[in-house]
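Below: one structure, written as structure tokens.
There are 4 protein chains.
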Amino acid sequence: MVNVKPLNVRRGMGISELVEAMADTAFNARRLGEAARIYAEMVEKDAFIFLAFSGALIPAGMRSIIADMVEKGFASCIVTTGANIVHEVAEALGYRHEKGDARANDLELSRQNINRIYDVFVSQDAFEGIEEFLARIIQEMDGKMSTHEFIREIGLRLPDKESFLHIAARKGVPVFSPTLHDSIAGLHLSIYSKDMILDVIKDIRKMVDLCFQDGAIGTAIFGGGVPKNFTLQAMLLAEGFDYAIQVTTDSPQWGGLSGATLEEAKSWCKLKSDAKAVTVYCDVTIALPLLHAYLVDRFG
Amino acid sequence: MVNVKPLNVRRGMGISELVEAMADTAFNARRLGEAARIYAEMVEKDAFIFLAFSGALIPAGMRSIIADMVEKGFASCIVTTGANIVHEVAEALGYRHEKGDARANDLELSRQNINRIYDVFVSQDAFEGIEEFLARIIQEMDGKMSTHEFIREIGLRLPDKESFLHIAARKGVPVFSPTLHDSIAGLHLSIYSKDMILDVIKDIRKMVDLCFQDGAIGTAIFGGGVPKNFTLQAMLLAEGFDYAIQVTTDSPQWGGLSGATLEEAKSWCKLKSDAKAVTVYCDVTIALPLLHAYLVDRFG
Amino acid sequence: MVNVKPLNVRRGMGISELVEAMADTAFNARRLGEAARIYAEMVEKDAFIFLAFSGALIPAGMRSIIADMVEKGFASCIVTTGANIVHEVAEALGYRHEKGDARANDLELSRQNINRIYDVFVSQDAFEGIEEFLARIIQEMDGKMSTHEFIREIGLRLPDKESFLHIAARKGVPVFSPTLHDSIAGLHLSIYSKDMILDVIKDIRKMVDLCFQDGAIGTAIFGGGVPKNFTLQAMLLAEGFDYAIQVTTDSPQWGGLSGATLEEAKSWCKLKSDAKAVTVYCDVTIALPLLHAYLVDRFG
Amino acid sequence: MVNVKPLNVRRGMGISELVEAMADTAFNARRLGEAARIYAEMVEKDAFIFLAFSGALIPAGMRSIIADMVEKGFASCIVTTGANIVHEVAEALGYRHEKGDARANDLELSRQNINRIYDVFVSQDAFEGIEEFLARIIQEMDGKMSTHEFIREIGLRLPDKESFLHIAARKGVPVFSPTLHDSIAGLHLSIYSKDMILDVIKDIRKMVDLCFQDGAIGTAIFGGGVPKNFTLQAMLLAEGFDYAIQVTTDSPQWGGLSGATLEEAKSWCKLKSDAKAVTVYCDVTIALPLLHAYLVDRFG
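Chains as they are written, first to last, in our numbering: chain A, 255 to 554; chain B, 255 to 554; chain C, 255 to 554; chain D, 255 to 554.
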């Protein structure tokens with residue numbers, strides 16, 4: 255038996271030191287500490303890392319972290335929602351998300367052409383800029399394009415070279431968005447695409463290929479939804495992940511995939527039976543910066 | 255001001271009478287009662303109703319209810335996950351989901367070729383049967399097919415004429431699954447499709463068309479994820495929903511779309527400013543049967 | 255293995271029939287069905303039943319159900335919060351809780367002397383009436399009184415003979431409120447008590463005594479907090495509960511007692527190792543009426 | 255309008271710098287940053303601070319932080335559960351909580367005399383040690399004792415001078431536990447108390463007195479339950495808190511007090527209408543160390 259070690263905080267304490275100490279406490283602090291250790295081991299062992307994230311992380315101010323994770327090699331490929339792609343395009347084009355109030359009057363906001371994402375506001379203008387930018391790309395393209403091919407074209411054309419989409423394109427890190435159509439980009443594709451067709455099945459073939467490479471394979475899943483399932487199901491045809499960490503605010507007892515435990519994933523052989531795995535129940539906006547800071551301290 | 259009316263239960267009380275009485279209580283009982291009234295008004299006013307559902311409802315024993323909702327006209331179109339399509343195919347082919355234990359040993363289960371969905375077990379055999387069935391259809395098809403066209407072909411071929419997929423196909427009720435590829439069916443499409451291509455953008459065009467019809471338009475959203483967003487975003491180009499009910503176990507304060515309030519949707523003009531709308535925080539497996547029973551009592 | 259049985263809803267279906275059918279589905283519908291069966295078995299076997307409830311159930315319109323449960327013998331003793339006692343006094347004195355809006359402007363409400371409990375409003379007047387009523391009783395009493403003795407005095411004096419406090423007093427069903435002081439009643443006791451002293455330790459002795467009686471002993475726990483823990487801990491000195499059902503919206507992964515599983519309670523021997531136990535994750539305002547209706551149909 | 259500022263993490267970043275940067279993001283990271291600023295302002299303005307905490311924080315390894323908060327003046331008084339008092343006594347007597355597994359077999363544990371608190375194990379031995387220690391104190395005492403007087407006696411006698419109970423006793427910081435009887439200590443009081451009586455109403459008088467002092471008054475509430483309500487209700491007779499921060503994993507939509515917003519508390523005048531207040535939705539084991547580190551960096 256190992257004792258819970260009461261956590262000591264001291265002046266000027268570093269983030270990674272705190273996260274490390276959390277691993278010897280309990281509940282979700284312990285899980286966060288364990289997740290940090292597993293993520294560090296993935297990086298250390300040079301595992302191929304599928305970084306999946308859903309929820310409005312880009313509007314919420316997490317884009318520099320995602321960019322840095324791609325830049326520093328903490329993500330070998332990305333799987334995310336269409337909304338995160340679209341909002342990243344907005345930021346990379348110079349539009350900004352504003353700090354808003356979750357209790358704002360939504361009718362008032364709609365009259366001011368402001369869209370609300372919980373406590374973040376985004377002006378309708380941004381969507382016009384996105385449309386202009388995407389329409390041009392869509393009209394240039396032809397043939398069957400997977401989402402990762404299409405997103406690569408977006409990344410290459412973005413004026414902001416610090417955008418994670420640009421960095422990923424430059425470094426050859428594929429960015430999958432199996433639900434790209436479930437976003438404003440989908441509406442734009444429905445309006446402007448002529449010669450190109452979005453081929454989401456092509457994405458699956460690529461994902462499955464990536465699951466068959468040599469060496470250790472891991473995944474870091476932030477939030478649930480399609481990014482989580484699409485990442486895990488790609489392993490159904492392969493050997494199972496060696497590592498998996500999951501940060502979520504959903505719970506197992508509702509029966510859905512978003513809240514499902516990583517143990518459940520073992521029954522499906524999506525994880526190897528001896529995979530190192532841990533779930534942290536926490537808002538991603540809190541857990542992600544802590545985990546990234548931990549990695550940066552060790553590998554930055 | 256209107257008083258909270260203490261709820262009186264009596265012997266032999268009917269479900270709809272109880273749900274009606276709940277509308278005069280508080281918290282989620284009140285919201286459930288209000289949701290029932292709004293749903294009934296949608297049916298009464300002959301609104302076009304988008305029924306969106308996510309989460310493992312088919313494995314959880316809700317398939318007869320979904321089928322009955324389509325049969326009785328409580329759903330004018332359906333938007334659901336790939337997993338629900340796949341598991342419905344399994345049931346319609348005669349495979350069964352088993353009552354399991356959420357605390358089962360998942361390594362043990364994987365050795366027995368049993369896959370776990372919280373407290374439901376499903377044997378690997380079922381997936382072989384699904385593959386055989388789907389492979390044949392995929393190989394027959396050609397050209398660009400939206401998910402609703404492809405799912406219609408599935409529905410027409412199912413041996414079980416009580417399946418909601420068959421009933422929907424027979425009645426011309428479109429079934430959209432914008433994440434069909436995010437399921438076993440996606441893997442099968444990646445293996446067996448040659449001449450056909452799954453065209454998810456085509457689905458958007460059809461969804462948007464449906465949002466432009468005359469008369470009232472409403473939506474009943476069970477769970478979050480892509481089915482929720484895909485339904486709501488189709489309205490971005492049209493006038494907004496007149497009615498919306500949502501049943502979810504997610505919460506607004508995590509900032510994601512699944513837990514977002516219907517008020518927030520008004521800032522985006524996805525709902526009309528005067529739309530009748532209510533969110534019920536409850537497991538769908540409890541709320542859906544109650545709401546359906548309420549409708550059946552009134553319109554059945 | 256037993257199949258999940260797709261739930262069939264039909265016109266005029268009774269509540270207990272629906273709840274019974276839920277036991278063969280999954281997730282929380284199944285758990286609700288199982289809880290109903292366990293509760294029915296407790297009644298059938300004439301078990302001594304500790305009914306614990308927390309959360310604002312009385313303001314939420316559940317008082318007639320609680321009263322009926324005491325009247326019909328579905329509760330052999332009650333453990334609840336001070337707030338529920340106080341709000342029951344208000345209702346029994348003729349004050350009413352109003353249907354409010356959870357998004358109301360709270361500063362506006364405070365200016366109107368309206369207090370908000372989520373979507374229920376209660377006027378400041380009610381508290382003046384309660385104070386007048388309780389002050390008189392407090393001043394009459396003397397000596398060391400346990401909460402159940404004091405609450406019995408309240409129940410006997412209430413003008414509303416349908417109040418669960420009156421029915422319990424009449425039938426000799428003890429009502430414990432180990433946190434009576436954590437409510438307006440506590441403030442009143444701090445102001446008006448002279449010769450009496452609230453002796454909460456005396457409650458423990460009585461609770462422990464009740465845990466030592468012959469025959470089966472069970473508990474039905476609605477919500478968490480002190481009522482849950484106080485009920486369970488009384489068993490630490492005795493043999494453990496034979497039956498336990500729990501309805502909660504809290505989750506195990508936060509580590510608190512309110513969300514703790516009934517399995518965890520077995521490690522403490524609060525439940526017998528072979529106790530029949532189930533937890534339903536659901537708003538009590540929805541689950542309680544369903545469970546009570548089930549019992550009334552069978553035993554009413 | 256103010257922009258969301260994408261969070262930049264760099265090598266060797268300090269905790270307080272990260273928390274400060276979070277205030278310019280969104281969701282619960284923003285709320286955590288705002289809570290840190292409000293807490294810092296309370297300390298800076300020399301406000302009287304009620305520190306309320308519930309949930310098994312002591313077993314979870316948070317005891318050194320609580321001790322340090324008392325030592326450094328971040329808490330002017332404490333309100334907590336009986337369980338936290340009892341488990342602190344165990345640690346201060348030299349017993350240890352062990353790192354356990356939340357999925358352990360609870361029947362197995364009970365056979366080994368191990369009690370489980372989610373993923374923490376505590377041996378039955380500890381409770382024997384606590385009983386011996388408390389029995390002696392209980393037998394020494396006489397007359398009406400409030401919980402804070404009784405807990406002061408405990409603190410003075412503890413061999414571990416680093417225990418928050420000892421530090422609080424030494425510094426004259428009152429520690430209230432209005433639910434002390436809702437813990438093992440309650441059982442011991444029921445067995446060993448002869449001449450003393452636990453007078454919980456006396457605590458209320460003291461709490462109300464503390465609410466009437468000059469200068470700013472604030473509260474930091476970690477978790478819900480009685481510590482939250484007992485702290486807030488003491489203000490019903492006074493002017494309302496000037497500052498309030500709350501960290502919780504409960505949600506408003508269930509209607510209970512634990513999940514209630516601080517806005518709701520304004521309708522009751524428990525907070526001043528212009529009080530600075532924020533709620534962070536996060537596991538306390540993660541948020542508390544971050545907040546404390548922020549304060550230590552600024553005031554340590």
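Backbone N, C-alpha and C define an ideal beta-carbon position, used for all residues, glycine too. None of these values were measured; they are calculated from a predicted model.
I want to verify the contact list: residues of chain B whose CB lies under 9 Å from the CB of residue i, in sequence order.
| i | result |
| --- | --- |
| D:Y535 | S505, Q507, W508 |
| A:P309 | The sequence given here places Gly at residue 309 of chain A; Pro does not occur at that position. Those within 9 Å of A:G309 in chain B are W508, G509, G510, L511, S512. |
| A:R350 | Within chain B, no residue comes near A:R350; the closest Cβ sits about 17 Å away, beyond 9 Å. |
| C:D551 | R265, G266, M267 |
Starting from the C-beta of residue i, find all residues in its chain whose C-beta is less than 6 Å away, skip the five residues before and the five after it, and write them out in chain order.
| i | result |
| --- | --- |
| B:P428 | C331, H402 |
| C:G513 | D504, S505, P506 |
| C:L491 | V462 |
| C:D414 | A346 |
| D:W374 | One point to set straight first is that residue 374 of chain D is Val, not Trp, in the sequence displayed. Same-chain partners within the cutoff: P313, H351, G354. |
| A:G287 | V273, M276, A277 |
Could you list which residues in chain C have their beta carbon closer than 8 Å to that of residue i, in chain order?
| i | result |
| --- | --- |
| B:T473 | Simply none; closest approach about 21 Å. |
When the distance is taken between beta carbons, is residue j closer than 8 Å to residue i?
| i | j | result |
| --- | --- | --- |
| D:D551 | D:G268 | yes |
| A:P260 | D:R317 | yes |
| B:A301 | B:D496 | yes |
| A:T335 | A:G472 | no |
| B:A321 | B:E416 | yes |
| D:M323 | D:L311 | no |
| A:G494 | A:K526 | yes |
| D:G440 | C:I405 | no |
| B:L549 | B:A344 | no |
| B:C465 | B:A488 | yes |
Who are the neighbours of residue i on chain C, taking C-beta pairs under 7 Å?
| i | result |
| --- | --- |
| B:I211 | Outside the shown range of chain B (255 to 554) lies residue 211 of chain B, about which nothing can therefore be said. |
Run through chain D and tell me which residues come within less than 8 Å of residue i, C-beta to C-beta.
| i | result |
| --- | --- |
| C:A314 | G509 |
| C:R480 | At residue 480 of chain C the sequence reads Val, which differs from the Arg that was named. Chain D residues near C:V480: T433, D436, G479, V480. |
Tell me which same chain residues have a C-beta within less than 8 Å of the C-beta of residue i, skipping the five on either side of it?
| i | result |
| --- | --- |
| B:D360 | R370 |
Within its chain, find whatever has a CB closer than 7 Å to the CB of residue i; leave out the 5 residues flanking it on each side and keep chain order.
| i | result |
| --- | --- |
| C:S377 | N367, I368 |
| D:N282 | V534, Y535, C536 |
| C:L299 | Just to set this straight, residue 299 of chain C is Lys in the shown sequence, not Leu. So the list reads A470, once near-sequence residues are dropped. |
| A:R291 | A277 |
| D:E271 | none |
| C:E342 | I312, R317, S417, F418, L419 |
| D:T502 | G477, G478, S512, G513, T533, Y535 |
Can you list the residues of chain F that residue i reaches, using a CB-CB cut of under 8 Å?
| i | result |
| --- | --- |
| B:G477 | Looking for chain F here will not work: the only protein chains present are A, B, C and D. |
Under 9 Å Cβ-Cβ, which residues of chain D neighbour residue i?
| i | result |
| --- | --- |
| C:F430 | Correct list: empty, because the minimum Cβ distance to chain D is about 11 Å. |
Quick one: which chain B residues come within Cβ less than 8 Å of residue i?
| i | result |
| --- | --- |
| C:A547 | V263, M267, L272 |
Check: Okay, do the stretch 494-506 of chain A and the stretch 517-530 of chain A touch, 3+ Cβ pairs below 8 Å being the bar?
Finding: yes
Margin query: Three Cβ pairs or more, each shorter than 8 Å: is that satisfied between the stretch 442-455 of chain B and the stretch 348-361 of chain B?
Written below: no
Margin query: Closer than 8 Å is the cut-off here; do at least three beta carbon pairs connect the stretch 383-393 of chain C with the stretch 538-551 of chain D?
Written below: no
Margin query: By the 8 Å beta-carbon criterion, what residues does the stretch 328-343 of chain C contribute toward chain A?
Written below: none
Check: Using a beta-carbon distance cut-off of less than 8 Å, what residues from the stretch 274-290 of chain D approach chain B?
Finding: A280, F281, N282
Next item on the list: Could you run through the stretch 352-374 of chain D and flag, in chain order, every residue whose CB is less than 7 Å away from some CB of chain A?
Entry: E352, K353, Y372, D373, V374
Next item on the list: Pull out every residue of the stretch 382-415 of chain A whose Cβ sits closer than 8 Å to any Cβ of chain B, in chain order.
Entry: K398
Next item on the list: Anything in the stretch 432-449 of chain D with a Cβ closer than 8 Å to a Cβ of chain C? List those residues in chain order, please.
Entry: P432, T433, H435, D436, S437, I438, G440, L441, L443, S444, S447
Next item on the list: With 7 Å as the limit, tell me which residues of the stretch 517-529 of chain C have their beta carbon closer than that to any beta carbon of chain D; keep them in chain order.
Entry: E517, E518, K520, S521, W522, C523, S527
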